[in-house]
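Numbering (the working numbering), first residue to last: 22 to 464.
In this text, a Cβ means the ideal position worked out from N, Cα and C, and glycines have one as well.
Every value quoted in this text rests on a predicted model; they were computed, and no experiment measured them.
Shown next as C-alpha cells:
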C-alpha cells in the first residue's frame, strides 16, 4: 500500500532498508546522505528552466571506483563515465542548469558524496537510451546499469528510484509508492487480456501446424501473451508521455457510446500476429543451424542461413511497424473522449462519449493485482472526476468491459466489474521493471 503524507526522508528510509537487507558490492551511503539527495531532487522537481519542467536522472556512483565488476565481454553500447574537469556541488541551481544538457532518455548525471557527506556532481554517463528502450519494451535486451542506483525526476514532486531494472520506490508528491501493481501479469485484468488474445493464439497454432509441425503451441503461448501485454503497456506509456490524459475502453458492447470519429483500425492486431510468426521462423532457423553444427557436419545449406537472415530482418521490420501502430493509436487520446477497442484490440474509433449515467453506490479499490477480498477497500465514486465517473458508470452497467483511465499527471487506473463489485486498480505497472539479482534477500 502507498504511504500518504510521505516526505523525501521517508523515501530515503525505504531505500536504505531495501539496500541494507540485500547483497551488494557497493558501500551503502548513510541515511543523512540519502535524505539530502532526495530532498535536493524533490525541490529541484518544482523548478522550471526556460519555462520547461525540470526532468533529469542522477546515478549515485563512486568516481574512484565507478566500475568495480565489469563483465568479461564489453558490448559496444555499454555505458561510460565522462568526468568534469572540476566537480560541482550538487545544488538545486546546478541540477536545473545541467538538466538542459542531460536528457534522461540519453544520459544521467554522476553524483557521489565526500567523507563529510556533501553531495557533488562529478560527471555524466552516456548510453542511457538503451536502458530506457528496454524499460519501455522497445528493445529485447539492455546492458547492466552503473552505480548503486538511479533517481529520475519525472514530474513535479515525483521521484523514481531504480536499481538495475528494479523499481525500488516512487515518491509522488506526498505519496510513497513502494511497488506498482502488475495487473497485466496476474489477476482478473491479466486473464481478460490473455483471453482477448485468443484469436492470435489460434492463428499461431495453425501456423505452427502448417509450417513447423514438430513445434508445440504450448511452448509459444506464454510468448504470445507477453507481446500482447507489451503492446498494451507501450500504448499506455505513450499516452502518459503526452501529459494530456486519456481513456481506453475495451468492450464488444457499443451501446451507450457516442463515437465522434468512427474508424476501424486493425493493423496492430495483424502486426503482432506477424511478429510472432517471424519470431518462430527465426528461432527454428537458428535451431536448425545449431543442430547441424553440433552434429559435426562441415557443410550447411545456404537456404538455412538465408532463412535465418530473412526472418530476423522481417521481425525487425514488423517491430518498427508495431511501434508506429502504437504511436498512431496513442495520438487519438489527445482528443477528448474515449479510445474504443473491441476485445481483439481492433480500434473502433476515438473521441467517444460514454452516455451511461447510473453509478454504483460504492466502488472497491484493490491494493493487490488479484483483487482478493482482503485487498478491497470501499470508496465513494463521487470523489472522482468526470472522466473517471463516466468510466465507472459504463463498466458497472456493462459487465465484461475493461476501462483504463490515464490522468494528466500520468496516473493509470483500471476498472472492471467482478460479480456485484466494481473494482478499481491504481498504481499500475507499465514499464518493464525486473527483479535484480543484486538485490536478493539474505537468508
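- In the DSSP annotation of this structure, the continuous segment of the alpha helix (DSSP H) that includes residue 259 starts and ends at 239 to 263.
- Assigned with DSSP and collapsed to three states, residue 417 falls in helix.
- Measuring C-alpha to C-alpha distances from residue 416 to each of 266, 276, 372, 299 identifies 276 as the nearest.
- CA-to-CA, the gap between residue 59 and residue 30 works out to about 7 Å.
- Within the same chain, Cβ atoms closer than 7 Å to the Cβ of residue 392 are found at 208, 209, 439, 444, the five residues on either side in sequence being excluded.
- Counted as a single uninterrupted DSSP element, the alpha helix (DSSP H) harbouring residue 295 occupies residues 288 to 315.
- Distance between residue 219 and residue 451, taken at the CA atoms: about 22 Å.
- Under the three-state reduction of DSSP output, residue 282 falls in the strand class.
- Scanning its chain for C-beta atoms nearer than 6 Å, with the 5 sequence neighbours on each side dropped, one finds around residue 354 the residues 260, 267, 360, in chain order.
- Counted as a single uninterrupted DSSP element, the beta strand (DSSP E) harbouring residue 80 occupies residues 78 to 81.
- Sorting 212, 265, 299 by C-alpha distance to the C-alpha of residue 429 places 265 at the top.
- Burial check for residue 53: the Cβ neighbour count within 10 Å stays below 16, so the residue is exposed.
- Here the alpha carbon of residue 55 sits roughly 13 Å from the alpha carbon of residue 180.
- About 5 Å separates the Cβ atoms of residue 250 and residue 205, confirming a contact at the 8 Å cut-off.
- Residue pairing by DSSP places residue 187 opposite 184 in a beta bridge.
- In this structure, the straight-line span from the alpha carbon of residue 388 to that of residue 394 is close to 10 Å.
- In this structure, the CA atom of residue 137 is about 15 Å from the CA atom of residue 109.
- Going by DSSP, residue 398 is part of the beta strand (DSSP E) stretching over 397 to 400.
- Secondary structure within the stretch 336 to 391: the beta strand (DSSP E) runs of 3 or more consecutive residues, fully enclosed, are 359 to 362, 368 to 375, 384 to 387 (chain order).
- Note: residue 110 is bridge-paired with 141 in the DSSP secondary-structure output.
- DSSP places residue 196 inside the beta strand (DSSP E), whose first and last residues are 196 to 198.
- Under the three-state reduction of DSSP, residue 129 is assigned to strand.
- Under the criterion of beta carbons closer than 8 Å, residue 423 and residue 271 qualify as touching, at roughly 4 Å.
- Boundaries of the beta strand (DSSP E) around residue 437: 433 to 439.
- In terms of Cβ geometry, residue 294 and residue 221 form a close pair [threshold 8 Å].
- Proximity to residue 38 across 79, 190, 107, 342 peaks at 190, based on C-alpha coordinates.
- In the three-state scheme derived from DSSP, where H, G and I count as helix and E and B as strand, residue 38 is classed as helix.
- For residue 273, the CB contacts under 6 Å within the same chain, skipping 5 residues up- and downstream, are 363, 364 in chain order.
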